[in-house]
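Worksheet: one structure, shown below.
Protein chains: 2
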Amino acid sequence: MDGPLSTRVTSQSAAATHTVDCVVFGFAEGELRVLLVRRAVAPFAGEWVLPGGAMAADQTLEETGQRVLRELVGVSNLQLTQVATYSAPDRHPVRRVVTTTYYALVRPEHHTPAARGYLSEAAWHRLTELPPLGFDHRELLDDAHLRLIQHLRTRPLAFALLPDDFTLSEIQQLYEEILGESLDRRNFRRKVLAYDFLIDTGVKRSGVKGGPAVYRSDPALLHRALTAPHI
Amino acid sequence: MDGPLSTRVTSQSAAATHTVDCVVFGFAEGELRVLLVRRAVAPFAGEWVLPGGAMAADQTLEETGQRVLRELVGVSNLQLTQVATYSAPDRHPVRRVVTTTYYALVRPEHHTPAARGYLSEAAWHRLTELPPLGFDHRELLDDAHLRLIQHLRTRPLAFALLPDDFTLSEIQQLYEEILGESLDRRNFRRKVLAYDFLIDTGVKRSGVKGGPAVYRSDPALLHRALTAPHI
DNA sequence: TCAAAAGTGTTCGGGCTACACCCATGC
DNA sequence: GCATGGGTGTAGCCCGAACACTTTTGA
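Residue numbers (the working numbering), protein chains in the order written: chain A, 1 to 231; chain B, 232 to 462.
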């Protein structure tokens, strides 16, 4: 809100830049990963950070997140979920920066990140082996991960991270990765099948022992499960 | 985050003012209420809105929320919980405003709001009988209420809204108000007593039928319950 | 004495957890 | 053929929901 204070207030707050940082989660080779970029310029030149950028005058924060991911690392059309906004005056060493974070879930095989702009590198990192991050991005990342866990406990979100076809064990691995705990196979199967948006393709995956059944999620039913049943 | 784009980027985003709006919940006469203020100036002069104001250059968003509530409506030292950040370019009719919302829980009897600054009025409103709100504040308020409900389902937050002494029925009324549903008295008593931070003062409330026992919450145990057991 | 609210225990069902054996496949 | 993982069912426990009667107090 604001009132007649406009001028005083605008001059005060003009010093702050509003940026968006994105915590992009991917799942590959059985491990949960995060998309990080390496800065080519000061401050924190050479350090790994979350991909992000400043809000444009004609864009919302979410649109800014989409644009930044497209421009900097070449990934498009992600579903971004807002996490939090950070405003400590000294969180950026040079000037005042207020940052809103979003998380996104992607299939890494669909998106090959490539560093552009002021970046020297863009790569997936295992959540268990993160490099030191510049700014306060480690905190931002951890907060986003916690929020993801919260959301995952109430909704079948994780399918956005999986390829079209997957086995039940692959889903389970994914859940175990995100939640950071191991789950009982039988109980997990029962629960996930109860969602009833999984389709048994009838195919069995070859090249892997046991010959597990290959499933696919029904997009319409999955969407219904994601939107309808609030908790 | 941002890099060599600084100048371009800063000029773009300098147009946006960052403000904080607060959704202050109170509980009085058995009903959940929200603190609203009436604007004395354009835009939306004469309309009810959430109390809020622009972020100061040397303050965090949360500190701004505290200051705004102190300056505009004379309430201090609330615990503010961040809800979300809104950034639609046209959400303010005059210029670009990005707003972060917080909610707070207070005991109305401890805080007598008084309009100051650019406000003509400050008053508690029943959540069930809200006036039309200026800007997009109705959406902000509803989102904050939903977040409060979510938090309340996992933590015994509501005691911040109650006087020092209260009966079990009063707590139950409060929960029913916030959640918008009625609860079984016996189940509710059992659950709330299981938290084990309630102290039976031994006193019985007079002037009310049934002679209900008066309870008090142990500050230390309550604080532990609020912070320790994450879900 | 009557009306209204306080106080109290038990039962039922559903969901989660724990757990062991046989089958299919790759090597 | 053997090692690895896939596939299946059941029993116990805990939590939450439903539910009725007696006691206390104000009017």
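Ideal Cβ positions, reconstructed from N, Cα and C, are used throughout, including at glycine.
Cβ atoms of residue j and residue i: under 8 Å apart, would you say?
i	j	result
Y334/B	A271/B	no
V75/A	V37/A	no
L372/B	L281/B	yes
I430/B	D449/B	yes
Y426/B	P387/B	yes
T167/A	R205/A	yes
S87/A	L292/B	yes
F261/A	R91/A	Residue 261/A lies beyond the stretch modelled for chain A, which goes from 1 to 231, so this question has no answer here.
F428/B	A389/B	no
L452/B	F258/B	no
F248/A	V34/A	Given a span of 1 to 231 for chain A in the structure shown, any question on residue 248/A remains unanswerable.
P356/B	P363/B	A quick correction: the sequence has His, not Pro, at residue 356/B. Contact flag unset, no.
Between which residues of its own chain and residue i is the CB-CB distance below 7 Å, once the five residues before and five after are set aside?
i	result
A114/A	V73, G74, A122
T19/A	G52, G53, A54, M55, V97, T99
I149/A	I178, L179
E139/A	none
Candidates the options: which alpha carbon is nearest residue i's?
i	options	result
A84/A	D143/A, W124/A, A16/A, T60/A	D143/A
T248/B	Q403/B, S351/B, P324/B	P324/B
T359/B	R301/B, E407/B, L424/B, T295/B	E407/B
G411/B	Q403/B, Y446/B, R369/B	Q403/B
S120/A	E47/A, F197/A, V214/A	E47/A
R189/A	E139/A, I178/A, A213/A	A213/A
T432/B	L383/B, G365/B, D395/B, A276/B	D395/B
P339/B	L452/B, E262/B, I409/B, L453/B	E262/B
D58/A	A288/B, R347/B, H342/B, P320/B	P320/B
H151/A	A42/A, E29/A, L69/A, T227/A	T227/A
E302/B	T343/B, E260/B, R347/B	R347/B
T343/B	L405/B, L300/B, G438/B	L300/B
Q82/A	L193/A, R138/A, L146/A, E29/A	L146/A
E260/B	G438/B, L405/B, K440/B	L405/B
Is residue i near the ligand GTP - that is, is its Cβ less than 7 Å away from at least one heavy atom of it?
i	result
I409/B	Within the structure as shown, the ligand GTP is missing, as the structure has no ligands at all.
Could you tell me the boundaries of the alpha helix (DSSP H) in which residue i lies?
i	result
V299/B	292–304
V423/B	416–425
E408/B	399–410
Check for me: the beta strand (DSSP E) holding residue i runs from which residue to which?
i	result
S217/A	213–217
L336/B	328–337
E340/B	From DSSP, E340/B is part of no beta strand (DSSP E); its letter is neither H nor E.
D142/A	No beta strand (DSSP E) holds D142/A; the alpha helix (DSSP H) holding it covers 137–154.
V325/B	It is not in any beta strand (DSSP E) - V325/B carries neither H nor E in the DSSP assignment.
A278/B	Going by the sequence as given, residue 278/B is Glu instead of Ala. Careful: E278/B lies outside any beta strand (DSSP E) and carries neither H nor E.
S351/B	350–357
V208/A	Neither: V208/A is in no beta strand (DSSP E) and is coded neither H nor E.
V256/A	Residue 256/A lies beyond the range of chain A shown here (1 to 231); nothing can be said about it.
D21/A	17–28
Q82/A	81–86
G134/A	Careful: G134/A lies outside any beta strand (DSSP E) and carries neither H nor E.
A285/B	283–285
Which residues in the same chain as residue i place their Cβ atom closer than 8 Å to its Cβ, once the five residues preceding and following it in sequence are excluded?
i	result
T7/A	Summary for T7/A: the model assigns pLDDT 36, below 50, so the residue's position carries little reliability; its value from the coordinates is reported in the next sentence. Contacts found: none.
L311/B	C253, E293, G296, Q297, Y333, Y334, A335
S413/B	E407
Leaving out five residues on either side along the sequence, give the residues of the same chain with a beta carbon under 6 Å from the beta carbon of residue i.
i	result
P235/B	Low local confidence applies: a pLDDT of 40 at P235/B is under 50, so the model's placement there is unreliable, with the coordinate-based value given in what follows. No residues qualify anywhere along the chain.
H223/A	none
V434/B	V445
A442/B	The residue you asked about is not Ala; residue 442/B is Gly in the sequence shown. Only K435 meet the Cβ criterion.
H137/A	V49, L50
Q12/A	With a pLDDT of 45 at Q12/A, under the threshold of 50, the predicted position of this residue should be treated as unreliable, and no value is reported.
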